[in-house]
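Colleague:
Numbering (this note's numbering), first residue to last: 1051 to 1307.
#1: Can you grab the Cα-Cα spacing for the pair residue 1117 / residue 1262, in whole Å?
#2: Hey, could you find the ends of the alpha helix (DSSP H) residue 1244 is sitting in?
#3: Comparing alpha-carbon positions, which option in 1231, 1256, 1289 lies nearest residue 1062?
#4: Between residue 1274 and residue 1098, what straight-line distance do the alpha-carbon atoms span, to the nearest angstrom?
#5: Quick check: what's the CA-CA separation for residue 1119 versus residue 1241?
#6: In whole angstroms, give me the CA-to-CA distance for residue 1200 and residue 1095.
#7: With burial defined as no fewer than 16 other Cβ atoms inside 10 Å of the residue's Cβ, what is the status of residue 1140: buried or exposed?
#8: Which whole runs of the alpha helix (DSSP H) in the stretch 1101-1129 are 4 residues long or more, in chain order?
#9: On the criterion of 16 or more Cβ atoms from any shown chain inside 10 Å, does residue 1073 qualify as buried, or is it exposed?
#10: Output yes or no for whether 8 Å exceeds the beta carbon distance between residue 1233 and residue 1170.
#11: Apart from the five residues on each side of it in sequence, which residues of its chain come closer than 6 Å, Cβ to Cβ, to residue 1059?
#12: Is it right to say residue 1138 is buried, meaning 16 or more other beta carbons lie within 10 angstroms of its own, or is it exposed?
#13: Along the chain, where does the alpha helix (DSSP H) that runs through residue 1257 open and close?
#14: Is DSSP giving residue 1169 helix, strand or coil here?
#15: So for residue 1233, helix, strand or coil by DSSP?
#16: Report buried or exposed for residue 1021, applying the criterion of at least 16 other Cβ atoms within 10 angstroms of its Cβ.
#17: If you count every other CB in all the chains shown that lies within 10 Å of the CB of residue 1206, and 16 or more means buried, which is it?
#18: When the Cα atoms are used, what is the spatial distance from residue 1239 to residue 1106?
#19: Residue 1126: which of 1244, 1192, 1175 sits nearest, CA to CA?
#20: With distances taken from CA atoms, which of 1272, 1129, 1177 is nearest residue 1085?
#21: Just reading off the alpha helix (DSSP H) that residue 1274 is part of, what are its end residues?
Written out as structure tokens, the structure is:
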């Protein structure tokens, strides 16, 4: 059953964002993605700080080694971002960052394939993280999967918009994003069979998962939210952030019951 849970979770995480993108027009996606960034920020921080890290620190591993792993994870994702393999490409012409006309085509032309490669590697790692979480505890696996799905949606939607504006057909853009997303399933299977026998590693994998969530939220998502807004827009932004935290708290309470 655990393998079945992992397959379902990784499959949903890999394809849900693609299905959402397929069901909406580009104009609607451009408006919605801003709110999804706020929502996923709340979900990521809430899951990392209220769910995953507490679970890791309840293990027999020493707090010093877990904090060292957290620091190492943050530095690792920083270096991967420097190598342009982990960077989440949320920026596009409709995201209120005042990009020039043709920005999307330029971005996709420069690094469309590298973005897809980076997303595939990132999704593969997500699959391993989901496997480790489910092998630790089914409830933790569900919470971790929800967090990953929450931050996958704005990422994949942003990539989809960029690929469309670069001249790819709707069908090809969806196909490439779906193929990238399915690498999470491969990571989940690898995690189940390779990581599974090494249960002593689980607390450290959970901390690495938390470092991933925290880094994406703090280094990538929050800077996108830090620009001058009207009072109404600020209230909406805070509301979506609070909704993300509320989802984590509700899921945590419900799963424990």
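All C-beta atoms, glycine included, are put in the ideal place defined by N, C-alpha and C.
Modeller: So, to answer that:
#1: For the purposes of this step, residue 1117 is taken as the residue at position 67 of the chain shown. For the purposes of this step, residue 1262 is taken as the residue at position 212 of the chain shown. About 14 Å.
#2: For the purposes of this step, residue 1244 is taken as residue 194 along the chain shown, with counting starting at 1. Where residue 1244 is concerned, there is no enclosing alpha helix (DSSP H), given that its DSSP letter is neither H nor E.
#3: The sequence position of residue 1062 within the chain shown is 12, counting from 1. Answer by Cα proximity: 1231.
#4: Within the chain shown, residue 1274 is the residue found at index 224, counting from 1. Within the chain shown, residue 1098 is the residue found at index 48, counting from 1. If I take the Cα positions, the gap works out to 20 Å.
#5: In the chain shown, counting from the first residue as 1, residue 1119 sits at position 69. In the chain shown, counting from the first residue as 1, residue 1241 sits at position 191. Each residue's alpha carbon lies about 19 Å from the other.
#6: Here residue 1200 corresponds to residue number 150 of the chain shown, with the count starting at 1. Here residue 1095 corresponds to residue number 45 of the chain shown, with the count starting at 1. Distance between the alpha carbons of residue 1200 and residue 1095 is about 11 Å.
#7: The residue you call residue 1140 lines up with position 90 of the chain shown. Residue placement at residue 1140 is poorly supported in this model, since its pLDDT is 45, which falls under 50; the coordinates still yield a value, given next. It counts as buried.
#8: 1103-1107
#9: Numbered from its first residue, the chain shown carries residue 1073 at position 23. So residue 1073 ends up on the exposed side.
#10: For the purposes of this step, residue 1233 is identified with residue 183 of the chain shown, where counting begins at 1. For the purposes of this step, residue 1170 is identified with residue 120 of the chain shown, where counting begins at 1. Yes; because the gap between Cβ atoms is below 8 Å, this pair is in contact.
#11: For the purposes of this step, residue 1059 is taken as residue 9 along the chain shown, with counting starting at 1. Closer than 6 Å at Cβ, skipping near neighbours: 1180, 1195.
#12: Working through the chain shown from its first residue, we reach residue 1138 at position 88. Residue confidence is low: residue 1138 scores 46 on pLDDT, short of 50, so the model does not pin down where it sits. No coordinate-derived value is stated.
#13: Here residue 1257 is taken as the residue at index 207 of the chain shown, counted from 1. It spans 1252-1265 - the alpha helix (DSSP H) in which residue 1257 sits, taken as one unbroken run.
#14: Within the chain shown, residue 1169 is the residue found at index 119, counting from 1. Three-state DSSP puts residue 1169 in a helix.
#15: Walking along the chain shown from the start, residue 1233 turns up at place 183. Note: residue 1233 maps to helix in three-state DSSP.
#16: For the chain, the structure presents residues 1051 to 1307; residue 1021 sits outside this window and is missing.
#17: As a working note, residue 1206 is residue 156 in the chain shown. Buried, since its Cβ has 16 or more Cβ neighbours within 10 Å.
#18: Your numbering for residue 1239 matches position 189 in the chain shown. Your numbering for residue 1106 matches position 56 in the chain shown. Distance between the alpha carbons of residue 1239 and residue 1106 is about 22 Å.
#19: Position 76 of the chain shown, counted from the start, is the residue given in the question as residue 1126. Residue 1175 is the option with its Cα nearest to residue 1126.
#20: Working through the chain shown from its first residue, we reach residue 1085 at position 35. Comparing Cα positions, the closest option is 1272.
#21: Here residue 1274 is taken as the residue at index 224 of the chain shown, counted from 1. Residue 1274 -> alpha helix (DSSP H) spans 1272-1275.
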